[in-house]
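Mapping the sequence shown onto my numbering, position 27 (from 1) lands on 40, and the numbers just tick up by one.
No residue lacks a Cβ here, since even glycine has one placed at the ideal position from N, Cα and C.
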Amino acid sequence: MDERLKTVDEIVQKYAVVSNPIKSRIYVGLGCLFVIFSLIGIWIPGWPTVSWAVPAAFLFSLSNERLFRWSLTNRFFGDALFSYYSTGKTLPGHVKGIIVMMIAIMSSISAYFVWYVSTKGDGNLMNPDSWTGKDEYAFGSITILAVGILGIIYVLTMVKSRK
């Protein structure tokens, strides 16, 4: 996107679409659930806020123009959503890097703990023959790492970033 959208009206005009009534009700219900999760994140440390607000805004853009406008202008996460939509649904480059690092770190930690519990078991780290876990070939750990790598590839290739 070459030009940044400047007003809520421009964003609504570009991204809001009308769905059939049944889909609209489902989307509004899910969007409201995600807004509740976002509001929880305001008071609970570590619980994401904007991560829940983005899908809520997306669902509102498909179902209810009034709620879509509200999601772009509310005082808790409206600025972040407005910035996201006004720049063509892009993320700042540094945020994209943080996302990739978090996926790599969390996938590695998860894979290690799954390996430790289900493959190594009570055995000695330096002696694989002594490993007593039920997951003999570490399929759980390998799966976690593979999904993490796919997530990183997706973020690097499919998520647009801005400077």
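DSSP on L18, reduced to helix/strand/coil?
For the purposes of this step, residue 18 is identified with residue 5 of the sequence shown, where counting begins at 1. Three-state DSSP puts L18 in coil, outside helix and strand.
What whole-angstrom Cβ distance do S84 and A93 have, given they're in contact under 8 Å?
Counted from its first residue, the sequence shown places residue 84 at position 71. Counted from its first residue, the sequence shown places residue 93 at position 80. So it is not a contact: roughly 10 Å between Cβ atoms.
On the DSSP bridge list, what partners appear for L104?
Here the question's residue 104 lines up with position 91 in the sequence shown. Paired residue(s): S174.
Could you check how far apart the C-beta atoms of K173 and G101 are, in whole angstroms? I think they sit under 8 Å.
Working through the sequence shown from its first residue, we reach residue 173 at position 160. Working through the sequence shown from its first residue, we reach residue 101 at position 88. About 7 Å; that satisfies the 8 Å criterion.
Quick check: the Cα distance between I112 and L43, rounded to an integer number of angstroms?
Looking up residue 112 in the sequence shown gives position 99. Looking up residue 43 in the sequence shown gives position 30. So the alpha carbons of these two residues sit roughly 24 Å apart.
Quick check: G54 and I116, are their CB atoms within less than 8 Å of each other?
Position 41 of the sequence shown, counted from the start, is the residue given in the question as residue 54. Position 103 of the sequence shown, counted from the start, is the residue given in the question as residue 116. Taking 8 Å as the Cβ cut-off, G54 and I116 do not qualify as a contacting pair.
Does the beta-carbon distance from G161 to T145 come in below 8 Å?
As a first step, residue 161 must be located in the sequence shown, where it is residue number 148. As a first step, residue 145 must be located in the sequence shown, where it is residue number 132. Not in contact: G161 and T145 (Cβ atoms no closer than 8 Å).
Since K124 and I157 should fall inside the 8 Å C-beta cutoff, what is the C-beta to C-beta distance between them, to a whole number of angstroms?
Locating residue 124 in the sequence shown gives position 111, counting from the first residue. Locating residue 157 in the sequence shown gives position 144, counting from the first residue. Reading the sequence as shown, one finds Ala at residue 124 and not Lys. Yes, A124 and I157 are in contact; Cβ-Cβ is about 4 Å, under 8 Å.
In the DSSP assignment, the alpha helix (DSSP H) including I35 goes from what residue to what residue?
As a working note, residue 35 is residue 22 in the sequence shown. P34 to W56 is the extent of the alpha helix (DSSP H) around I35.
Using only alpha-carbon positions, find the residue among Y150, R38, M119 and V63 that is nearest to N77.
What you label residue 77 is simply residue 64 of the sequence shown in a count that begins at 1. Closest option to N77, Cα to Cα, is R38.
Please identify the residue among S121, R175, R88 and T103 whose C-alpha is closest to the C-alpha of A159.
One-based indexing of the sequence shown puts residue 159 at position 146. The shortest C-alpha separation from A159 is found at S121.
State the start and end residues of the unbroken alpha helix (DSSP H) segment that holds D92.
What you label residue 92 is simply residue 79 of the sequence shown in a count that begins at 1. Segment G91 to S99, the alpha helix (DSSP H) holding D92.
Tell me the residue span of the alpha helix (DSSP H) that contains S84.
Counting from one through the sequence shown, the residue named residue 84 turns up at place 71. Run containing S84: E78 to T86, per the alpha helix (DSSP H) assignment.
Please state whether the Cβ-Cβ distance between S99 and R17 is less than 8 Å.
Position 86 of the sequence shown, counted from the start, is the residue given in the question as residue 99. Position 4 of the sequence shown, counted from the start, is the residue given in the question as residue 17. Yes, the Cβ-Cβ distance between S99 and R17 is below 8 Å.
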